[in-house]
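Engineer: Numbering (the numbering used here), first residue to last: 9 to 137. Can you keep this structure in mind? I'll have questions shortly.
In structure tokens:
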């Protein structure tokens, strides 16, 4: 019998949110990527667009190395800029297991640094069952 696997849902990521009208924003995501639910995002200073937050500064995408939001929906921006809904400020509790980091964030210290940046905005992660 085949095993069925469900895609992650908002309930898997978002464990508590005080006020959606205050905590969420619609933003423009940089083209060239399929963004998954729970993507940890940084904001590009020059354009104001968001992208997966890399471990270090990327030429042309300066500013995005600081984690400033978490994507609350999967968005396909592979063929052009797209709009996405983010958790931009807290109080919000997110499942640590549901966060998706840029491929360059591959060390535990880098992962912890991203989560610390999110905590400064009130976006707290918790280990959940």
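Just so you know, even glycine gets a beta-carbon here, dropped at the ideal spot from N, CA and C.
Once the 5 residues before and after residue 10 are set aside, which same chain residues still bring their CB inside 6 Å of it?
Structural biologist: Taking the first residue of the chain shown as 1, we reach residue 10 at position 2. Cβ within range, chain order: n/a, list empty.
Engineer: Do you know how far the Cα of residue 82 is from the Cα of residue 43?
Structural biologist: By one-based count along the chain shown, residue 43 stands at place 35. By one-based count along the chain shown, residue 82 stands at place 74. Distance between the alpha carbons of residue 43 and residue 82 is about 6 Å.
Engineer: Check residue 18 in the structure and name its three-state DSSP category.
Structural biologist: Taking the first residue of the chain shown as 1, we reach residue 18 at position 10. Helix at residue 18.
Engineer: For residue 84, which residues does DSSP report across the bridge?
Structural biologist: On the chain shown, residue 84 is found 76 positions in, with the first residue counted as 1. In DSSP, residue 84 forms a bridge with 42.
Engineer: Using CA atoms only, rank isn't needed, just tell me which of 86, 37 and 15 is closest to residue 93.
Structural biologist: Numbered from 1 along the chain shown, position 85 holds the residue referred to as residue 93. Comparing Cα positions, the closest option is 37.
Engineer: Just mark residue 50 as buried or exposed, buried being the case when its beta carbon has 16 or more other beta carbons within 10 Å.
Structural biologist: Taking the first residue of the chain shown as 1, we reach residue 50 at position 42. Classification for residue 50: buried.
Engineer: Determine the burial state of residue 35: buried for a count of at least 16 other Cβ atoms within 10 Å of its Cβ, exposed for fewer.
Structural biologist: Translated into the one-based positions of the chain shown, residue 35 becomes position 27. Answer is buried; the Cβ neighbour count reaches 16.
Engineer: Determine whether the beta carbon atoms of residue 45 and residue 12 lie at a separation below 8 Å.
Structural biologist: Indexing the chain shown from 1 puts residue 45 at position 37. Indexing the chain shown from 1 puts residue 12 at position 4. No.
Engineer: Which residues share a DSSP beta bridge with residue 26?
Structural biologist: For the purposes of this step, residue 26 is taken as residue 18 along the chain shown, with counting starting at 1. Residue 26 pairs with nothing; no bridge assigned.
Engineer: Under the three-state reduction of DSSP, which class applies to residue 129: helix, strand or coil?
Structural biologist: For the purposes of this step, residue 129 is taken as residue 121 along the chain shown, with counting starting at 1. Three-state DSSP puts residue 129 in coil, outside helix and strand.
Engineer: DSSP on residue 124, reduced to helix/strand/coil?
Structural biologist: The sequence position of residue 124 within the chain shown is 116, counting from 1. If DSSP states are grouped into helix, strand and coil, residue 124 belongs with the helices.
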